[in-house]
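A.B. asks:
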Amino acid sequence: MSNADTTSAPFDPAVLFKTAFLAVVAIFVLVPLLATLLGGFKSLGELRVNPFGLPTHWEWQNYADILFSARYWQLLRNSLIISTLTVTLTLITASMAAFTFAHVRFYGSSMLLSYLTLGLLFPAATAVLPLFIKVRDLGLLDTYLGVALPQVAFSLAMSVLLLRRFFKDIPYELLEAALVDGCSYIKFFRYVTLPLSRPILATVGTITFVNSWNAYLLPLVMLNTDALYPWPLGIMVYQGEYSSEWHLILAFITLTILPTIILFLLAQKHIVAGLTAGAVKG
Amino acid sequence: MARRIAIASPMGVAGETAPQVASRGPSWDGRFTVLILFLPPALLLFTLFVVLPIGEAAWYSGFNWNGFGRPTHWIGFDNYRFVLETRAFWLALRNNGLIVAVSLAIQLPLALTLALMLAEKFRGAVALRMLFFMPYILAEIATGLIFSFVYDGDYGLVASIWRTFGAEPPHLLASTDTAMLAVLIVIVWKYFGFHMMLFIAALQSLDKSLVEAARIDGATRSQALRHVVIPLLYPTIRLSVFFAIVGSLQLFDLVMPLTRGGPADSSNTMVSFLYNNGISRMRVGYGSAIGVILFVICVTFAFTYKRWFMRDE
Numbered sequence: 103m104s105n106a107d108t109t110s111a112p113f114d115p116a117v118l119f120k121t122a123f124l125a126v127v128a129i130f131v132l133v134p135l136l137a138t139l140l141g142g143f144k145s146l147g148e149l150r151v152n153p154f155g156l157p158t159h160w161e162w163q164n165y166a167d168i169l170f171s172a173r174y175w176q177l178l179r180n181s182l183i184i185s186t187l188t189v190t191l192t193l194i195t196a197s198m199a200a201f202t203f204a205h206v207r208f209y210g211s212s213m214l215l216s217y218l219t220l221g222l223l224f225p226a227a228t229a230v231l232p233l234f235i236k237v238r239d240l241g242l243l244d245t246y247l248g249v250a251l252p253q254v255a256f257s258l259a260m261s262v263l264l265l266r267r268f269f270k271d272i273p274y275e276l277l278e279a280a281l282v283d284g285c286s287y288i289k290f291f292r293y294v295t296l297p298l299s300r301p302i303l304a305t306v307g308t309i310t311f312v313n314s315w316n317a318y319l320l321p322l323v324m325l326n327t328d329a330l331y332p333w334p335l336g337i338m339v340y341q342g343e344y345s346s347e348w349h350l351i352l353a354f355i356t357l358t359i360l361p362t363i364i365l366f367l368l369a370q371k372h373i374v375a376g377l378t379a380g381a382v383k384g
Numbered sequence: 020m021a022r023r024i025a026i027a028s029p030m031g032v033a034g035e036t037a038p039q040v041a042s043r044g045p046s047w048d049g050r051f052t053v054l055i056l057f058l059p060p061a062l063l064l065f066t067l068f069v070v071l072p073i074g075e076a077a078w079y080s081g082f083n084w085n086g087f088g089r090p091t092h093w094i095g096f097d098n099y100r101f102v103l104e105t106r107a108f109w110l111a112l113r114n115n116g117l118i119v120a121v122s123l124a125i126q127l128p129l130a131l132t133l134a135l136m137l138a139e140k141f142r143g144a145v146a147l148r149m150l151f152f153m154p155y156i157l158a159e160i161a162t163g164l165i166f167s168f169v170y171d172g173d174y175g176l177v178a179s180i181w182r183t184f185g186a187e188p189p190h191l192l193a194s195t196d197t198a199m200l201a202v203l204i205v206i207v208w209k210y211f212g213f214h215m216m217l218f219i220a221a222l223q224s225l226d227k228s229l230v231e232a233a234r235i236d237g238a239t240r241s242q243a244l245r246h247v248v249i250p251l252l253y254p255t256i257r258l259s260v261f262f263a264i265v266g267s268l269q270l271f272d273l274v275m276p277l278t279r280g281g282p283a284d285s286s287n288t289m290v291s292f293l294y295n296n297g298i299s300r301m302r303v304g305y306g307s308a309i310g311v312i313l314f315v316i317c318v319t320f321a322f323t324y325k326r327w328f329m330r331d332e
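Protein chains in written order, with the numbering used here: chain A, 103 to 384; chain B, 20 to 332.
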């Protein structure tokens, strides 16, 4: 099924159709992205008459102004803190729970696991008002932790499932042998399970990171102070302030999605793996 | 056996008893230590920040309450009545239906077609996969802002295409007739790559000998596709449909930078309706009622779908 096309004649209409189709979709995807990147290099006047083409005069200043502003770095810093907190707490709590579900037999194990799995079905928006009140009552409103803790809670279901499936593949005989030799469960977890599980930990970590990095609703509800805003909130504020100065807004957008794209290029293997692993499970 | 662990518990509580456990070999107290140390953090966080709030939403939805102090003004099911009497809610529900329809009728077939093309090896296939997947990685907020530029009536790409034809450019996002359509296009742009990747992964793990056997038996390429490949993809298709619908019901982040649900509520989704009415005005009871309705729709759908279509998985 795979080599049929490469050996076919150059004017095969099927190949022609396929190429044309792929080209149209590629243009559909690329044009908005390129227009955003290039728009940041134009002046507002040029943007209006020449939104598609290359800039006639490259306005590096648009990008430079943002890169040298404290505001940009503060947004990235806030996002980085919240995402790192979320990933760290998710990996710790989820891997411990997943290990227990994978290797410790106890009464109620499967019931507790299904309880946690239900989390996959719950719409976060339902919980958001009560969450606001709970986080306020805990005194965590307007703190990084007030955003991170609910994000951890909502990422647990998927994370535990992915990790547990991987942990289960570590042979039980290995654990048994270790226990006979005087190793404890906890030591086994720390010195055998975790080191063996680096790929899946990276996958779960990357996916949690991307979700947290891009999140909007929870930070919107939990944070009131501009100085604490992660970038999705900050960029909305920025857009509000510079309402029709699109050249600056486009430069700002480009610079805020750049870290996401770099992360994606570095970790695409993990992102795609996690996506499809999660998918097979349902 | 399991019960014994729970009863004979106190031995393992200390947690730093590794040497003792070591001398006894695999025993129940080692297990108990793990149980009381490893499970509670996840279960507590999940219960406190996911399960309880959903229960509380049901409770708060019975009150007329602005979120300050404690809820005292019990009004029973009135909030639900108020929600269901609001025209904007039905508009939002209709919009979610439209999103589901576009996802199923346009997005998934597009994703499947592309996956069939890109699962084969040829120069540029991997690059195209990455390109098509890229929008999915971008934040919804960034995507929304990019497209509010694309649609901008003065500076946007659409406007300039209009002007080359000598016409007065439309403000797509500012008109009740076109705002939702504009949002739907962005949804396809952003999410088709995700489904394409699901299909590609499925195609790559597919047993190719079945396809080859069909070809040897004289099936044409399209026959093999229709009668062998697509049926083998059914589990993934069902899953993709599931994700598409659940995602469509909860769409929010993308709508905010584009239209905030407007103009005149014409592009609200259930969640942006919840946000605009419940959260920004802190009408906790009213907003919770919307949340509970959303919850019931999502969970009913999920269970029904799993039961009917995904029984064997």
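Virtual Cβ for every residue (Gly too), placed ideally from N, Cα, C.
Would you verify that the beta carbon of ASP226/B is, or is not, closer than 8 Å to some beta carbon of chain A?
C.D. replies: No, its Cβ sits nowhere closer than 8 Å to a Cβ of chain A.
A.B. asks: Within this structure, are the beta carbons of ALA178/B and ALA229/A separated by less than 8 Å?
C.D. replies: Going by C-beta atoms, ALA178/B is not nearer than 8 Å to ALA229/A.
A.B. asks: When the distance is taken between beta carbons, is LEU139/A closer than 8 Å to ASN358/A?
C.D. replies: Checking the displayed sequence, the identity of residue 358/A turns out to be Thr instead of Asn. No.
A.B. asks: Which residues in the same chain as VAL382/A place their Cβ atom closer than 8 Å to its Cβ, once the five residues preceding and following it in sequence are excluded?
C.D. replies: Residue confidence is low: VAL382/A scores 44 on pLDDT, short of 50, so the model does not pin down where it sits. Its coordinate-derived value is still stated next. Result list for VAL382/A: empty, nothing under 8 Å.
A.B. asks: Note down, in chain order, all residues in the stretch 312 to 344 of chain A with a beta-carbon under 9 Å from any beta-carbon belonging to chain E.
C.D. replies: Looking for chain E here will not work: the only protein chains present are A and B.
A.B. asks: Nearest to ILE204/B by CA position, among GLU104/B, LEU117/B and ILE256/B, is which residue?
C.D. replies: The candidate whose alpha carbon is nearest that of ILE204/B is LEU117/B.
A.B. asks: Could you round the C-beta distance between THR378/A and LEU157/B to whole angstroms and report it? I think they count as a contact, below 8 Å.
C.D. replies: Not confirmed; about 20 Å, so no contact.
A.B. asks: Evaluate contact between the stretch 153 to 165 of chain A and the stretch 217 to 224 of chain A, counting only Cβ atoms and requiring at least three cross-stretch pairs below 8 Å.
C.D. replies: The stretch 153 to 165 of chain A, when compared against the stretch 217 to 224 of chain A, does not touch it at the 8 Å Cβ threshold.
A.B. asks: Give me the residue from GLY155/A, ALA199/A, LYS120/A and PHE354/A with the minimum Cα distance to LEU56/B.
C.D. replies: Measuring from the Cα of LEU56/B, the nearest candidate turns out to be ALA199/A.
A.B. asks: For PHE113/A, does the three-state DSSP call read helix, strand or coil?
C.D. replies: Note: PHE113/A maps to coil in three-state DSSP.
A.B. asks: Excluding sequence positions up to five away, which residues of its chain have a Cβ less than 7 Å from the Cβ of PHE154/A?
C.D. replies: Correct list, in chain order: ALA137.
A.B. asks: Measure the beta-carbon distance from ILE94/B to ASN85/B and round it to whole angstroms, keeping in mind my assumption that it falls under 8 Å.
C.D. replies: Contact flag wrong, Cβ pair sits at about 13 Å.
A.B. asks: Please list the partners that GLN370/A has in chain B, where partner means a Cβ-to-Cβ separation under 9 Å.
C.D. replies: In chain order: MET149, PHE152 and ILE156.
A.B. asks: Roughly how many angstroms lie between the CA atoms of LEU103/B and VAL315/B, to the nearest whole one?
C.D. replies: About 14 Å.
A.B. asks: Indicate whether at least one CB of chain B lies closer than 8 Å to the CB of ARG266/A.
C.D. replies: Answer no: the Cβ-Cβ gap between ARG266/A and chain B never drops below 8 Å.
A.B. asks: Does chain B have any CB closer than 8 Å to the CB of ILE359/A?
C.D. replies: Chain B contact via Cβ: present.
A.B. asks: Is ALA27/B buried or exposed, if buried means 16 or more other CB atoms sit within 10 Å of its CB?
C.D. replies: In this predicted model, ALA27/B has a pLDDT of only 27, less than 50, meaning its place in the structure is not dependable; the value taken from the coordinates is given anyway. The residue is exposed, with fewer than 16 neighbouring Cβ atoms inside 10 Å.
A.B. asks: Indicate whether at least one CB of chain A lies closer than 8 Å to the CB of PHE82/B.
C.D. replies: No, no contact with chain A.
A.B. asks: Are any of the Cβ atoms in chain A nearer than 8 Å to that of SER307/B?
C.D. replies: Closer than 8 Å: yes.
A.B. asks: Along chain A, which residues have their Cβ under 8 Å away from the Cβ of VAL102/B?
C.D. replies: Under the 8 Å cutoff, chain A gives no residues; its nearest Cβ is about 13 Å from VAL102/B.
A.B. asks: Taking contact to mean 3 or more Cβ pairs, one atom from each stretch, closer than 8 Å, check whether the stretch 306 to 321 of chain A and the stretch 330 to 349 of chain A are in contact.
C.D. replies: Contact holds: three or more Cβ-Cβ distances are below 8 Å.
A.B. asks: Of the residues SER257/A, PHE119/A and LEU322/A, which one's Cα is nearest the Cα of ALA345/B?
C.D. replies: Limits of chain B in this structure are 20 at one end and 332 at the other, which puts residue 345/B out of reach.
A.B. asks: Distance, Cα to Cα, LEU58/B vs LEU247/A?
C.D. replies: Straight-line Cα distance between these residues: approximately 21 Å.
A.B. asks: Taking 8 Å as the CB-CB limit, is SER299/A close to chain B?
C.D. replies: No, SER299/A does not count as interfacial toward chain B.
A.B. asks: What does the Cβ neighbour count give for ALA122/A, buried or exposed, with the cut at 16 atoms within 10 Å?
C.D. replies: With fewer than 16 other Cβ atoms within 10 Å, it is exposed.
A.B. asks: Using 8 Å as the cut-off, can you tell me whether the stretch 124 to 134 of chain B makes contact with the stretch 255 to 273 of chain B, which would need three or more C-beta pairs spanning the two stretches below that distance?
C.D. replies: The answer is yes - the stretch 255 to 273 of chain B touches the stretch 124 to 134 of chain B, with three or more Cβ pairs under 8 Å.
A.B. asks: In the DSSP assignment, the alpha helix (DSSP H) including LEU243/A goes from what residue to what residue?
C.D. replies: Run containing LEU243/A: none; DSSP gives neither H nor E here.
A.B. asks: If you measure between the beta carbons of ALA134/B and LEU222/B, is that distance less than 8 Å?
C.D. replies: Yes.
A.B. asks: When the cut-off is 8 Å and only beta carbons count, does LEU243/A lie next to chain B?
C.D. replies: No, LEU243/A does not count as interfacial toward chain B.
A.B. asks: If contacts are defined as beta-carbon pairs under 8 Å, then TYR305/B and PHE271/B qualify, I think. What distance do you get, rounded to the angstrom?
C.D. replies: No, TYR305/B and PHE271/B are not in contact; Cβ-Cβ is about 17 Å, not under 8 Å.
A.B. asks: Could you tell me which residues DSSP pairs with PHE292/B in its beta bridges?
C.D. replies: BP columns for PHE292/B are empty, so no partner.
A.B. asks: Using a C-beta cutoff of 8 Å, does TYR274/A count as contacting chain B?
C.D. replies: So no, TYR274/A is outside the interface.
A.B. asks: Leaving aside the five residues before and after ARG43/B along the sequence, list all residues of the same chain whose C-beta is less than 7 Å from its C-beta, in chain order.
C.D. replies: Legend: pLDDT at ARG43/B = 43, less than 50; position of this residue unreliable, no value from coordinates given.
A.B. asks: Going by C-alpha to C-alpha distance, which of LYS140/B, ARG279/B and GLY81/B sits closest to ALA111/B?
C.D. replies: Of the listed residues, the one whose Cα sits closest to ALA111/B is ARG279/B.
A.B. asks: Less than 8 Å between the C-beta atoms of ASN296/B and MET199/B, yes or no?
C.D. replies: No, the Cβ-Cβ distance between ASN296/B and MET199/B is not below 8 Å.
A.B. asks: Kindly list the residues whose CB is nearer than 7 Å to the CB of ALA106/A, restricted to its own chain and excluding five residues on each side of it in sequence; keep chain order.
C.D. replies: Because ALA106/A sits at a pLDDT of 47, beneath the cut-off of 50, its placement in the model cannot be relied upon, and the following sentence gives the value as read from the coordinates. For ALA106/A, where only same-chain residues beyond five positions count, there are no Cβ hits under 7 Å.
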